[in-house]
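In what follows, a structure is listed as structure tokens, so that the remarks can point back to it.
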Amino acid sequence: MRLMTKFGGSSLADAAQFKKVKAIVEADESRSFVVVSAPGKRDSNDEKITDLLLQCYDRRESNLSFAPLFMRIRQRFCDIERELGLDVGIESELLSIERAIQNGASSDFVASRGEYLTGLLLAAYLGFGFMDPCELIAFHDDGTYDDETTQRWCQKLDGKKRLVIPGFYGRKRDGSIKTFSRGGSDITGAIIARAVGADVYENWTDVDGFMMADPRIVDSPRIMSVVTYSELRELSYMGAGVLHEDSIFPVRRARIPIHVRNTNKPDAKGTKIVPDGSVDAHGRGSVLTGVAGRSGFTIITVTKDNMHKEVGFGYRLLRVLSHNNISFENCPSGIDTMSIIIDDSFLKGKLDAVISEIRRDCEPNTIEVTSQIALIAAVGKGMVRSVGVSSKLFSALSEAGINVRVINQSSSEMNIIVGVEQRDFKDAVNAVYRAFNP
Ligand code: ASP
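This is the structure in structure tokens:
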């Protein structure tokens, strides 16, 4: 068993958190590759090291003094070094970073230093080696991630173990430091997991796992124990705040499961994200994996007698959208009607033009526009196959007095999407969740 273990910023916020991290790493010998974020907030009023570093950069850019801000960064790293009884020369590292900022260092360089210093400290504390991601993670000259070169550079990891690698950054061909977008240590973790052929990519954070619904809408939703990569994609597309797509593509392609776990509750089961079709996904009890939704949609419904016999009708209708540079979400249709659900952001300022073009190109009997629609996706592999699932879902919605405006059951057999009026959004999410979690 080989694990690639990534710790997020809250897991490394201070010396006490470093101690928890050490206990976790030492509890299992297979945790031999560790990727770290920079120290995050210690409490809700605190600031993340990366934010402080970027503020220093901004102040320098505005020709303002950043010394008091840098002092706070210095204090936090020096406290960790002292409280853990380490001596990695963090003071002199900080001094050279401060000088570099004074001398015009780039924002990417400045932002990356939190992960760099954290990596030095944790490597010493665990008695692991330290490897700078500039040796592993490559970016093109235009700043985009260079996967091909990265895979070549990562061959350096062959035969290595017991290493700490800072997340979030790498370098361009000219040697300059480049970071991923914010939160990018997750991406580094996924790249390293793939490079070392990890059996599991562990992502340690400060939550018990992914919740089955948004806790701002549903009171204390349950944690998903297992979710497939496609289900997760569906849920995050529909608004669930889970891992970013970029951060999972290397492991998703390599079919490596991700295990999201809580550093503050290492005994909790967490959430496993598993490849589609894997045993774990089939062994789940519940047909509903999660429910998510977004508001701000418009439905355009077009009817025309004998539409079902008219060759090219759908083509002409969708051509109007593509011609106006509009992407659509779903397209439920009946014998003589077709509805198109569109995210309002695409329609802004274009609705009148779209309607008159549809009139001209499709010559329909009627066109109806319904705005202020919310879409809710009930996601669960096997959902569509299980008898009684949709009746449960629709009874729950009708019992809650919710008028369902559209229904779309994707052929992926993974989700049922319902469109409701925006004002019913929260009630509808609650009704769907409760139907499967009584
Ligand atoms: N420290 C960086 C940030 O705050 C990257 C990360 O934590 O993943 O965005």
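524 is the number that our numbering gives to position 202 of the sequence shown; each next residue is one higher, with no gaps. Ideal Cβ positions, reconstructed from N, Cα and C, are used throughout, including at glycine.
- When distances are taken from the beta-carbon of A696 to the heavy atoms of the ligand ASP, even the shortest one reaches 8 Å or more.
- The nearest non-hydrogen atom of the ligand ASP is 8 Å or more from the C-beta of K703.
- Comparing C-alpha distances from Q694 to each of V676, E679, F747, S507 shows the shortest one belongs to F747.
- About 21 Å separates the CB atoms of L448 and C476; that is not less than 8 Å, and the two are not in contact.
- The alpha carbon of E524 has as its nearest neighbour, out of I419, E556, S569, M533, the alpha carbon of S569.
- Boundaries of the alpha helix (DSSP H) harbouring L715: 711-721, taken from the DSSP string.
- Beta bridge pairing from DSSP links Y491 with T501.
- Under DSSP, V726 forms a beta bridge with V742.
- If you look at N752, you'll find it in the alpha helix (DSSP H) that goes 747-758.
- Cβ neighbours of A718 within its own chain (closer than 7 Å, five residues either side excluded): A753, V754, R756, A757.
- Secondary structure remark: continuous beta strand (DSSP E) runs of at least 3 residues inside the region 376-430: none found.
- The alpha carbon of R538 has as its nearest neighbour, out of D368, D749, R324, P760, the alpha carbon of D749.
- T611 has its CB no nearer than 8 Å to any heavy atom of the ligand ASP.
- A distance of 9 Å or more separates the beta carbons of P488 and D530.
- Counting only runs of 3+ residues, the beta strand (DSSP E) found wholly inside the region 587-657 occupies 593-596, 612-625, in chain order.
- Here N385 is exposed. Its C-beta has fewer than 16 other C-beta atoms within 10 Å.
- Look at T527 here: in three-state DSSP terms it is strand.
- Inclusion of T372 in the 8 Å shell around the ligand ASP follows from its C-beta lying nearer than that to a non-hydrogen atom of the ligand.
- Counting only residues of its own chain and dropping the five nearest sequence neighbours on each side, G561 has a CB closer than 7 Å to the CB of A614, G615, R616.
- According to DSSP, residue pairing for G451 in a beta bridge involves L485.
- Counting only the Cα atoms, F399 lies some 30 Å from G563.
- Per the C-alpha coordinates, the member of T659, K670, D674, S708 positioned closest to N687 is T659.
- In the structure shown, the three-state DSSP call for S547 is coil.
- Counting along the chain, the unbroken alpha helix (DSSP H) around V573 starts and ends at 571-575.
- With a cutoff of 9 Å on beta-carbon distance, A446 and D409 are scored as near each other.
- In the three-state reduction of the DSSP assignment, K328 falls in the strand class.
- R727 has its Cβ no nearer than 8 Å to any heavy atom of the ligand ASP.
- DSSP places Q477 outside any beta strand (DSSP E), giving it a letter other than H or E.
- By the neighbour-count criterion, in which a residue is buried when 16 or more other Cβ atoms sit within 10 angstroms of its Cβ, A345 is exposed.
- When only Cα atoms are considered, S429 and I499 end up about 9 Å apart.
- Taking a cut-off of 8 Å for Cβ pairs, the region 616-635 and the region 707-718 do not touch, as fewer than three such pairs fall below it.
- With fewer than 16 other beta carbons inside 10 angstroms of its own, P390 counts as exposed.
- Around L715, the same chain offers A700, I738, V754, A757 as residues with beta carbons nearer than 7 Å, after the five sequence neighbours per side are excluded.
- The continuous stretches of alpha helix (DSSP H) do not include S693, which lies in the beta strand (DSSP E) extending over residues 688-701.
- Inter-residue distance for E348 and K587 is about 16 Å (C-alpha atoms, whole angstroms).
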